[in-house]
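A short write-up of the structure that comes next.
Numbering (our numbering), first residue to last: 1235 to 1346.
Dropping the structure here:
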């Protein structure tokens, strides 16, 4: 079994602040990261799948911060990809989809 490398631990330490920033920029309320993530899903900012991803990333970050469970090398790139995918969804794809819907709606109203 591959055990934690310094890179894997660094990834683990960067996950919680990234998630906290994401929550803050999206207006999340609550006493801790778990509550912030729940607020995001309860208020339609993220869906349940992204909430599940972020929760697992939160657990990974806790493990790294408190040295509870060493982060395995293969988990570091997965964690990075999941963080990137979550951020891309929130800041790129969601906005692109809203723009797409707005343009289509405008064209439909022009044709009437």
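For glycine and all other residues, C-beta sits at the position ideal for the given N, C-alpha and C.
These figures come from a predicted structure and were not determined experimentally.
**Request:** Would you identify the three-state DSSP class for residue 1261, choosing helix, strand or coil?
**Result:** Correct three-state label for residue 1261: coil.
**Of the listed residues 1328, 1307, 1341, 1273, nearest to residue 1246 (C-alpha basis)** = Answer by Cα proximity: 1307.
**Message:** For a quick check, are the C-beta atoms of residue 1294 and residue 1249 less than 8 Å apart?
**Reply:** yes
**Request:** To the nearest angstrom, report how far apart residue 1328 and residue 1343 are at their CA atoms.
**Result:** 23 Å
**Request:** Consult DSSP for residue 1322 and reduce its assignment to one of helix, strand or coil.
**Result:** helix
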